[in-house]
Each structure stands twice: as C-alpha cells, then as structure tokens.
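Q:
Numbering (this note's numbering), first residue to last: 55 to 113.
1. Just to confirm before moving on: does the CB-CB distance between residue 96 and residue 72 stay below 7 Å?
2. Quick check: residue 70 and residue 58, are their CB atoms within less than 7 Å of each other?
3. Do you know offhand how far residue 61's Cα is from residue 90's?
4. In or out: residue 103 buried (at least 16 other Cβ within 10 Å) or exposed?
Structure representation (structure tokens):
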C-alpha cells in the first residue's frame with residue numbers, strides 16, 4: 055500500500071482512481087493485472103480508508 059500512496063501523492067493535486075493506481079502498479083511489474091488482484095487491492099484500499107477516517111473522526 056505504500057507504493058499506492060506514493061502514486062496518489064505524486065499525482066496531487068489531481069485525483070486518481072483505484073483503477074489508475076492498479077494499472078500503474080501493474081505497469082511497474084509489481085502486480086499481476088487480473089480481476090482477483092483488482093478486487094483484493096480494492097478491499098485493501100477500502101480498509102485503509104476506513105482506518106484513516108476512523109482515526110480522523112472526533113470521539
């Protein structure tokens with residue numbers, strides 16, 4: 055996930071999609087370009103976003 059964050063940060067101020075991050079990582083040879091990998095990456099990103107949102111929420 056660190057490389058995904060680097061890709062997102064490197065595209066600032068533009069917004070990038072999960073698909074763009076996945077294609078970039080596949081082009082780098084880091085990930086195979088397969089539907090199961092896309093689903094796994096989506097699930098990991100969603101989990102990371104939930105953790106970030108929970109940490110930023112006032113209690």
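Glycine is no exception: its CB is placed at the ideal position from the N, C-alpha and C atoms.
All values derive from a computational prediction rather than experimental measurement.
A: Reading off the structure:
1. The residue you call residue 96 lines up with position 42 of the chain shown. The residue you call residue 72 lines up with position 18 of the chain shown. Inclusion of residue 96 and residue 72 in the CB contact set at 7 Å is warranted, their separation being smaller than that value.
2. Within the chain shown, numbered from 1, the residue matching residue 70 stands at position 16. Within the chain shown, numbered from 1, the residue matching residue 58 stands at position 4. Their beta carbons are not under 7 Å apart, which means residue 70 does not touch residue 58 by this criterion.
3. As a position in the chain shown, residue 61 is number 7, starting the count at 1. As a position in the chain shown, residue 90 is number 36, starting the count at 1. Near 21 Å, if we compare the C-alpha coordinates of residue 90 and residue 61.
4. Here residue 103 corresponds to residue number 49 of the chain shown, with the count starting at 1. Under this definition residue 103 is an exposed residue.
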